[in-house]
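Right, one structure below, let's go through it.
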Amino acid sequence: MTKRRTWLYFIPYGLWLALFVIAPVALIIYQSFFDLGHHFTLGNYSAYFQSATYLKMTLNSVWYAFLITLFTGLISYPTAYFLHGLKHRQLWLLLVILPTWINILLKAYAFIGIFSQAGLANQFLSFIGIGPQQILFTNASFIFVATYIQIPFMILPIFNALDDLNPAFINASQDLGASGWQTFSKVVFPLTLPGVKAGVQAVFIPSLSLFMLTRLIGGNKVITLGTAIEEHFLTTMNWGMGSTIGVVLIIAMVVVMLLTGDQKPKGGTPR
Amino acid sequence: MTQPIIELKHVTKRYGTNTILKNVDLTLEPGTFYTLLGPSGCGKTTILRIIAGFSDATEGDVLFAGKRLNKVPANQRNINTVFQEYALFPHMTVAENVAFGLTLKKMPKAEIAERVAKALKLVQLADYGDRDISALSGGQQQRIAIARAIVMQPKVLLLDEPLSALDAKLRREMQYELRDLQQRLGITFLFVTHDQEEALAMSDEIFVMNQGEVLQSGTPEDIYDEPINHFVADFIGESNILQGKMLGDFQVAFGGHEFECSDAGIPAGEPVEIVIRPEDLNLTTPEEAKLTVTIDTQLFRGNYYEIAATDNLGNDWQIHSVNPAEDGENVGITFRPQDLHVMRFGEKEAEFDARLETYEETEDETIDET
Chain X
1 MTKRRTWLYF IPYGLWLALF VIAPVALIIY QSFFDLGHHF TLGNYSAYFQ SATYLKMTLN
61 SVWYAFLITL FTGLISYPTA YFLHGLKHRQ LWLLLVILPT WINILLKAYA FIGIFSQAGL
121 ANQFLSFIGI GPQQILFTNA SFIFVATYIQ IPFMILPIFN ALDDLNPAFI NASQDLGASG
181 WQTFSKVVFP LTLPGVKAGV QAVFIPSLSL FMLTRLIGGN KVITLGTAIE EHFLTTMNWG
241 MGSTIGVVLI IAMVVVMLLT GDQKPKGGTP R
Chain Y
1001 MTQPIIELKH VTKRYGTNTI LKNVDLTLEP GTFYTLLGPS GCGKTTILRI IAGFSDATEG
1061 DVLFAGKRLN KVPANQRNIN TVFQEYALFP HMTVAENVAF GLTLKKMPKA EIAERVAKAL
1121 KLVQLADYGD RDISALSGGQ QQRIAIARAI VMQPKVLLLD EPLSALDAKL RREMQYELRD
1181 LQQRLGITFL FVTHDQEEAL AMSDEIFVMN QGEVLQSGTP EDIYDEPINH FVADFIGESN
1241 ILQGKMLGDF QVAFGGHEFE CSDAGIPAGE PVEIVIRPED LNLTTPEEAK LTVTIDTQLF
1301 RGNYYEIAAT DNLGNDWQIH SVNPAEDGEN VGITFRPQDL HVMRFGEKEA EFDARLETYE
1361 ETEDETIDET
């Protein structure tokens, strides 16, 4: 009896899933086959793949998402490794995650203040004699702020992977004569790679569709796919084209998921 | 006398105010199978970790072939470990696991392949090199863990409860194999276990530990026949432990009677404990008995009956007999003087050994007479 009723518990989330995930995705795919005059067409797709502008934009999005992911990873792995070795590591981890509780727009506006002509960063540059620079609305500042925002999402899975790592592996490696660096490169890093992959998923995919930051911090110099979608829906009102780009983004996400997924699924250990 | 391969001198280990090891002295000779035996939390694994280099001694010295080892990092010690849960690297194949240590030494590939093949053959898994670790059974993982350690040709192999995850039958098989391997390789094994049967079966010498101290060391026979105190007698094998009083050399009183025993050097009138192993007790008629007991219950154990009985003073007795008894029956039990072992309260190992020395020869004569 109880077994038959358990599906009832899924109803609230099932409804949520159907209304706010499945329906919108279906709508986007549906919309992407209609032109401005509401006629069925494949024109949006052919336009997308024949337009140098869109392809360049796609490449740009991927490139910047890649850079953001790379810098996030380079900062997050050592940080997670360091945090994991601390005595009160859960507390420190909490402090690292704390910024994610603050709205991304608030953080973006804070950086506008810091990077602006008379902001803290330029005050410091003036103080050490370099003089004020154009910091805001540069590609560098866009990558900097995006990386800053994404770091906690990368640290968390890597930290958890390190936490799950059986310390006996590290002892075994030392026991067999490995130095600290050899133990890290041959044992610790390969065994925590699933955490890195999870982090890449959590960072790369949202970075593909970042759009408010490109305007507020990047000054619209970098047009990403996210920005393009926003423009099509809100400014040019070409919902068909916007949906097409949306579909491309969804496919890109699936590709990234597949690439960072487990290559060879582990079977249960026979005991 | 040969140079000991490992020596622990006055080793103490503390975590904050918590003392894990109390002034432990240990000497390991080359080519011998040693076992650290004790209940969980007695500090036996801590000793292993200190010798391996994963943990530092708070006080005291660790010597390897006479040289102080305290400051030598784990990766530079000629000692290898077989870990409790094997700790085989899951992202490498069997052969890569076994080759791991040799690869780090930048040994030529051909030589590595040769030594890996030899090690795998030694643990009877010659054809398993290409397999994934997750494709191995527990017993096979166990063997690979041993192969990975011995391929390094260590002088000392440390084994941290390596058989605890195996089922009973496999465990017995591995006991034979480990013993055999140790004798073939001729290196020192230091085996950690809480299983007294395992320790008795495999070791040349056992260190019995409790609460951070080595209580007694000796051959399995020594420790079984002449346990130093209540804890050792109780922990190793089954035993009847009775309160008694020493009457003089080779004379002891317990259970309301006086008996001849094989212990001496204890002042007359001193309260002592007497150990009698259940298999040394024989059932007989009450007339011929040294003591009479009433049978409470019995369990059939296959090759013997485990009989629980009570004497008229209320002491519990455990008797192993090939023949069954009747519940509630009054039976007699007999034993020989050398089946009794007298233990003094609070006697240390050094005092115990010294006392034994003083009468060992006379003891042999006494036994001959009886």
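Sequence lines, in order, name chains X and Y. Per the numbering used here, the very first residue in the first sequence carries number 1; after that it's consecutive. Per the numbering used here, the very first residue in the second sequence carries number 1001; after that it's consecutive. We put the beta carbon where it would ideally sit given N, CA and C, even for glycine. Just so you know, these numbers come straight off a predicted model, no measurement behind them.
Span of the beta strand (DSSP E), counted from its first residue to its last, around residue i
i	result
residue 1207/Y	1205–1210
residue 1308/Y	1305–1311
residue 1214/Y	1213–1218
residue 212/X	That residue, residue 212/X, is in no beta strand (DSSP E); its alpha helix (DSSP H) goes 212–216.
residue 9/X	Careful: residue 9/X lies outside any beta strand (DSSP E) and carries neither H nor E.
residue 84/X	It is not in any beta strand (DSSP E) - residue 84/X instead sits in the alpha helix (DSSP H) that spans 52–84.
residue 1299/Y	1291–1300
Residue i versus residue j: straight-line alpha-carbon distance, rounded
i	j	result
residue 1154/Y	residue 1139/Y	22 Å
residue 1077/Y	residue 171/X	13 Å
residue 70/X	residue 153/X	13 Å
residue 1136/Y	residue 1145/Y	12 Å
residue 1314/Y	residue 1322/Y	25 Å
residue 1080/Y	residue 1055/Y	14 Å
residue 1061/Y	residue 1004/Y	14 Å
residue 270/X	residue 144/X	The predicted model places residue 270/X with a pLDDT of 36, which falls under 50 and marks its position as unreliable; any figure quoted below should be read in that light. The alpha-carbon atoms of residue 270/X and residue 144/X are separated by roughly 47 Å.
residue 38/X	residue 245/X	17 Å
residue 161/X	residue 120/X	37 Å
residue 1147/Y	residue 1353/Y	39 Å
residue 1032/Y	residue 1064/Y	15 Å
residue 45/X	residue 1094/Y	50 Å
residue 183/X	residue 1089/Y	11 Å
residue 1018/Y	residue 1049/Y	17 Å
residue 1359/Y	residue 1230/Y	22 Å
residue 249/X	residue 57/X	12 Å
residue 1343/Y	residue 1248/Y	14 Å
residue 1006/Y	residue 1190/Y	10 Å
residue 1301/Y	residue 1177/Y	27 Å
residue 1234/Y	residue 1161/Y	21 Å
residue 1059/Y	residue 1186/Y	31 Å
residue 15/X	residue 203/X	28 Å
Residue interval of the alpha helix (DSSP H) (run including residue i)
i	result
residue 1118/Y	1109–1122
residue 1128/Y	Premise fails: residue 1128/Y is in no alpha helix (DSSP H) and is neither H nor E.
residue 200/X	189–208
residue 1376/Y	For residue 1376/Y there is no data in the structure shown, the boundaries of chain Y being 1001 and 1370.
residue 1020/Y	First-last for residue 1020/Y: 1018–1028, but that is the beta strand (DSSP E), not the alpha helix (DSSP H).
residue 159/X	139–164
residue 257/X	239–260
residue 91/X	89–97
residue 227/X	225–234
residue 1049/Y	1044–1052
Reference residue i, options the options, closest by Cα
i	options	result
residue 1350/Y	1258/Y, 1228/Y and 1181/Y	1228/Y
residue 193/X	146/X, 67/X, 80/X and 107/X	80/X
residue 211/X	202/X, 201/X and 223/X	223/X
residue 1217/Y	1344/Y, 1111/Y, 1170/Y and 1027/Y	1027/Y
residue 1180/Y	1203/Y, 1007/Y and 1044/Y	1203/Y
residue 83/X	74/X, 93/X and 75/X	93/X
residue 1327/Y	1341/Y, 1337/Y, 1305/Y and 1113/Y	1305/Y
residue 1219/Y	1226/Y, 1231/Y, 1205/Y and 1225/Y	1205/Y
residue 1085/Y	1170/Y, 1037/Y and 1164/Y	1164/Y
residue 1113/Y	1099/Y, 1169/Y and 1208/Y	1099/Y
residue 197/X	76/X, 128/X and 233/X	76/X
residue 1252/Y	1025/Y, 1339/Y, 1033/Y and 1156/Y	1339/Y
residue 1355/Y	1264/Y, 1020/Y, 1190/Y and 1207/Y	1264/Y
residue 1197/Y	1117/Y, 1169/Y, 1230/Y and 1237/Y	1237/Y
residue 1087/Y	1333/Y, 1002/Y and 1133/Y	1133/Y
residue 1012/Y	1051/Y, 1040/Y and 1035/Y	1051/Y
residue 1184/Y	1240/Y, 1119/Y and 1234/Y	1119/Y
residue 40/X	260/X, 258/X, 239/X and 253/X	239/X
Bridge partner(s) assigned by DSSP for residue i
i	result
residue 1316/Y	1310/Y
residue 1093/Y	1132/Y
residue 1284/Y	1332/Y
residue 1271/Y	1245/Y
residue 1063/Y	1007/Y and 1068/Y
residue 1079/Y	1156/Y
residue 1258/Y	1253/Y
Contact the region 1097–1117 of chain Y vs the region 1201–1220 of chain Y: 3+ CB pairs below 8 Å: The region 1097–1117 of chain Y vs the region 1201–1220 of chain Y: no contact.
The region 60–74 of chain X touching the region 204–213 of chain X, judged by at least three CB pairs closer than 8 Å: Here the region 60–74 of chain X lies against the region 204–213 of chain X, with 3 or more beta-carbon pairs under 8 Å apart.
Inter-stretch contact at 8 Å, needing at least 3 Cβ pairs: the region 1308–1319 of chain Y / the region 1282–1297 of chain Y: Yes, the region 1308–1319 of chain Y is in contact with the region 1282–1297 of chain Y.
Inter-stretch contact (C-beta, 8 Å, three-pair minimum) for the region 1236–1250 of chain Y and the region 1265–1277 of chain Y: Segments in contact, yes.
Stretch-stretch touch, CB-based, cutoff 8 Å, three pairs: the region 1279–1286 of chain Y with the region 1328–1335 of chain Y: Yes: the two stretches touch, three or more of their Cβ pairs being nearer than 8 Å.
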